[in-house]
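This report refers to the structure that appears directly beneath it.
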Amino acid sequence: MISVSASQLIKKFDIDFTQEVIDYASKFFEDVENVRSCIQCATCTGSCPSGRETAWRVRKLIRQVQLGLKNAAIRNDVLWDCTTCYTCQERCPRLIPITDIVRAVRNIAVRNGFMLPRHVQVAGLMIKHGHAVPINDEVKAVRKEIGLSELPPTVHSYPDALGEVKKLLDETGFTKLVEEASKGVQK
Numbered sequence: 001m002i003s004v005s006a007s008q009l010i011k012k013f014d015i016d017f018t019q020e021v022i023d024y025a026s027k028f029f030e031d032v033e034n035v036r037s038c039i040q041c042a043t044c045t046g047s048c049p050s051g052r053e054t055a056w057r058v059r060k061l062i063r064q065v066q067l068g069l070k071n072a073a074i075r076n077d078v079l080w081d082c083t084t085c086y087t088c089q090e091r092c093p094r095l096i097p098i099t100d101i102v103r104a105v106r107n108i109a110v111r112n113g114f115m116l117p118r119h120v121q122v123a124g125l126m127i128k129h130g131h132a133v134p135i136n137d138e139v140k141a142v143r144k145e146i147g148l149s150e151l152p153p154t155v156h157s158y159p160d161a162l163g164e165v166k167k168l169l170d171e172t173g174f175t176k177l178v179e180e181a182s183k184g185v186q187k
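The letter at position 166 of the sequence shown is residue 166 when you use my numbering, and the numbering goes up by one with no holes.
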């Protein structure tokens with residue numbers, strides 16, 4: 001039997017985490033305070049297409065939010081396995097905006113320095129190229145072969161726009177956020 005002291009157990013809880021999620025998500029979404037009304041019926045998890053293929057269990061995240069288990073919620077790689085298809089949210093009998101809460105927890109995770117290496121890489125491409133998918137000679141050749149212009153109608157086709165994109169990323173704090181989050185990422 002494992003013995004755990006009360007102080008060790010209490011350290012796992014962040015009594016402000018539930019409210020932090022609600023406050024953050026309320027800036028963008030409606031009815032997020034309904035997270036408190038989840039009855040753990042598992043309709044969300046049973047409906048989740050991603051959960052069939054991964055370890056993602058959305059009801060577990062909702063419970064972690066309810067209980068204030070911030071570190072367990074934000075430092076779990078499976079948080080990023082949700083595809084935001086909204087199936088869970090559409091089927092929730094309590095009308096909890098589950099996908100919106102997932103998105104809020106992801107934002108809180110990044111703001112707390114937790115970002116997966118693949119996300120740092122994609123964000124870095126966005127910062128460097130103004131687009132998350134850089135165009136190389138191979139891609140240009142394939143596009144030309146199938147009758148498309150070598151460059152898609154993105155910032156790649158408008159090099160002058162790159163400065164504007166970078167300015168936007170800087171002014172919104174995206175660049176700084178990625179730089180801070182990437183410090184803790186193991187490559």
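We put the CB at the ideal spot given by N, CA and C, even for glycine.
Here the structure is a predicted model, which is why all the values come from computation and not from measurement.
Beta carbon of residue i, beta carbon of residue j: below 8 Å?
i      : j      : result
Val35  : Ile15  : no
Ala55  : Gln64  : no
Ser50  : Asp100 : no
Thr43  : Arg106 : no
Ile146 : Arg94  : no
Ile108 : Ile62  : no
Thr84  : Arg103 : yes
Gly113 : Glu180 : yes
Thr87  : Ser47  : yes
Is DSSP giving residue i helix, strand or coil here?
i      : result
Cys44  : helix
Arg57  : coil
Lys187 : A caution first: Lys187 carries a pLDDT of 49, below 50, which makes its placement in the model unreliable, though a value can still be read off. Lys187 falls in the coil class under three-state DSSP.
Val133 : coil
Met126 : helix
Asp14  : coil
Leu67  : helix
Ile62  : helix
Residue range of the alpha helix (DSSP H) that residue i falls in?
i      : result
Arg75  : Counting along the chain, Arg75 falls outside any alpha helix (DSSP H), and DSSP gives it neither H nor E.
Tyr24  : 17-26
Asn107 : 98-111
Ser182 : 174-182
Leu116 : No alpha helix (DSSP H) holds Leu116; DSSP gives it neither H nor E.
Glu164 : 161-171
Roughly how far, in whole angstroms, is the beta-carbon of residue i from the beta-carbon of residue j, given that I think they are within contact range, below 8 Å?
i      : j      : result
Ala123 : Val178 : 4 Å
Is residue i near the ligand ZN, going by C-beta to nearest heavy atom under 7 Å?
i     : result
Ile15 : This structure lacks the ligand ZN, and indeed carries no ligand of any kind.
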